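Counting from 96, one number per residue, gives the positions in the sequence shown under the working numbering.
Just so it is clear, CB atoms sit at the ideal spot from N, CA and C, and this is done for glycine as well.
In this text the structure is predicted, and so the values were computed from the model without any measurement.
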Amino acid sequence: MSVPAIHVDNVSLRYNNAQQALQHVHLSVPQGALFGLLGPNGSGKTSLFRILATLVTPTKGIAKVFGASTETEAAAVRQRIGVVFQSPALDDTLTIRENLAFQGALYGLHGAALRARIDTVLQHVDLTDRAHDAVDTLSGGLARRADLARGLLHQPDLLLLDEPTAGLDPMARRSFWETVSTLQATEGTTMVVATHLMDEAERCDAVAILSEGELVVEGQPATLRAALGDEMLWLATDAPHDLARDVNARFGGTVHAFDQGVQLLHDDATQLVSALYTAFGDRIQSATVRPPTLEDVFMAHAGTRLDADRASLAPAYSA
């Protein structure tokens, strides 16, 4: 049985300012996977990446990359990983090819081998015809693809992508992900993507959901959604706390109250709508029944909305 690409055992991280960034995180990522870390800003995704990239050491627990400790075998770990940050780590004044040549030299690549590898990664990210363009002339999407080429240049076994599409428009995001999918197939690289976007997490083989430094649930996206049932009911209301309490008392199910409404997981959600309007019609602005999403999974397990800037937690009720 092959060693996992990532093995995190009971990892906690507290920064010098006493901020608790991670708490008792357990995680295992198999080799060759496209794995997602899903959570809002401040959930601990970047802190976990910093540990895996050997930039910080955990306060407690151990993290390993292909069996090597990120704390005691950091040099070995660095040789096997690539990192793509939220903002491209490129010199704006250099061309794409010059940036890649500099990156290759850092990893001991020179001469014909380096030139051939640069040609390969440029082809992978569809930037061959832009190789001699300065980075500061590129659009945001092209700069991200150039940075992806940088992260892949030394043929890492593990690529960490930290919010790699932040700030990109939908078309550039889609193009970036098409490139990532192709690269995973052609390079065979294990990829771990930190994101707060559900559609990106849905592309992953499996996801781990983080909230306030804790890993709250892990699994394949389809499996996590299926565990909530076939339907989810959202009730828009001005008084979510009171409505959640009363709905739970009368109809049961799993009920959570948030700033803008009530989430209800129930075996007969569609059939329940009429009864809800009969009982509480004057308090319901609208009712929406749909299949569960990963945001619903996040709300069910973390007790808050994935987009923490849109809504804060109100008391939740569960049958």
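Through-space distance from residue j to residue i, alpha-carbon basis
i, j, result
"R240", "S97", "31 Å"
"V48", "L132", "Outside the displayed range of the chain (96 to 414) lies residue 48, so it cannot be described from this structure."
"T215", "V392", "39 Å"
"R99", "V368", "Here residue 99 turns out to be Pro, not Arg, going by the sequence shown. So the two alpha carbons sit approximately 46 Å from each other."
"E258", "T373", "45 Å"
"P410", "A322", "Confidence at P410 is low in this model, with a pLDDT of 37, below 50, so its placement is unreliable and no value can be given for it."
"V287", "M327", "29 Å"
"E166", "L209", "30 Å"
"V106", "G376", "48 Å"
"E295", "D187", "27 Å"
"L256", "I101", "14 Å"
"A395", "R340", "16 Å"
"D354", "Q114", "26 Å"
"G453", "A397", "Absent from the structure is residue 453, since the part of the chain shown begins at 96 and ends at 414."
"V384", "A334", "19 Å"
"V220", "A184", "16 Å"
"D104", "V120", "7 Å"
"A238", "S142", "24 Å"
"I213", "G236", "19 Å"
"A364", "T290", "30 Å"
Neighbour-count burial assignment, residue i, 16 or more Cβ in a 10 Å radius
i, result
"L201", "exposed"
"Q198", "buried"
"T149", "buried"
"Q366", "exposed"
"E273", "exposed"
"T260", "buried"
"M293", "buried"
"H205", "exposed"
"H351", "buried"
"K155", "exposed"
Collapsed DSSP secondary structure at residue i in the structure displayed
i, result
"A403", "Any reading at A403 needs caution, since the residue's pLDDT is 47, under 50, leaving its predicted position unreliable; the model's value is listed next. Coil."
"T141", "helix"
"N194", "helix"
"E313", "strand"
"L243", "helix"
"V179", "strand"
"V220", "coil"
"Q114", "coil"
"L323", "coil"
"G376", "helix"
"V151", "coil"
"G206", "helix"
"V368", "helix"
"G398", "coil"
"G199", "helix"
Limits of the unbroken alpha helix (DSSP H) element including residue i
i, result
"N343", "P335 to F346"
Residue range of the unbroken beta strand (DSSP E) whose run includes residue i
i, result
"F271", "Careful: F271 lies outside any beta strand (DSSP E), inside the alpha helix (DSSP H) at P265 to E282."
"L328", "M327 to A331"
"R109", "I101 to R109"
"G304", "Per the sequence shown, residue 304 should be read as Ile rather than Gly. Unbroken beta strand (DSSP E) run through I304: A301 to S306."
"F353", "T349 to F353"
"D257", "L253 to D257"
"G356", "G356 to L360"
beta-carbon residue i near the ligand NAP non-hydrogen atom, thresh 7 Å
i, result
"I304", "Judged by which ligands are present, the structure shown has none, so any question about the ligand NAP falls away."
Residues that residue i bridges to, as DSSP identifies them
i, result
"T232", "Answer is none; T232 lacks a bridge partner."
"M293", "M293 is not bridged to any residue."
"A382", "L330"
"F130", "V287 and A301"
"S164", "K159"
"V120", "V106"
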